[in-house]
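Student: My questions all concern the structure below.
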Amino acid sequence: QFQSSAVGADGPPQIQTKKVDPESIRSMSKKQIEKKLLKDIGKHVPIPASSLSKKDPLSTMMDSLTLSQFKGLLEHDYATTISDGYLFRPGTNTEKLVEV
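Count along the sequence shown from 1, then add 437; that gives the number in my numbering.
See the structure below:
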């Protein structure tokens, strides 16, 4: 019987992700969180992070698919939960996310 070496008997290989310690995020200053958010947003949009403004609405920078992917990053890397409604609002920007 043929068995591919790429997929083991237990299924596809599992991707290991590092769990974020919520305390490490909460211990950061708002300025540090803002800088990290702008850097992460810069990875999802065709605009250099240095050109982004904390007042730019996310919904004007990202399409709905990108916003959904960014939501997953926020929940994983920032140890927070954000509703779709809040994230897709025209007024939601980096400045407001720092407060969450």
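From the three backbone atoms N, C-alpha and C, an ideal C-beta is built for every residue, glycine too.
Can you list, in chain order, the residues of its chain whose CB lies under 8 Å from that of Leu475, leaving out five sequence neighbours each side?
Tutor: Ala486, Leu489, Lys491, Thr531
Student: Report the residue from Asp514, Ile478, Tyr523, Leu524 whose alpha carbon sits nearest the alpha carbon of Pro459.
Tutor: Asp514
Student: Give the secondary structure of Pro483 by DSSP, where H, G and I count as helix, E and B as strand, and everything else as coil.
Tutor: coil
Student: Any idea if Val537 is buried or exposed, counting beta-carbon neighbours within 10 angstroms, 16 or more meaning buried?
Tutor: exposed
Student: In the DSSP assignment, what are the bridge partners of Pro494?
Tutor: Its beta-bridge partners are Asn530.
Student: Distance check for Leu502 and Asp493, CA to CA, integer angstroms please.
Tutor: 18 Å
Student: Helix or strand or just coil, what does DSSP make of Val537?
Tutor: coil
Student: How long is the line joining the alpha carbons of Pro483 and Pro527, rounded to whole angstroms?
Tutor: 19 Å
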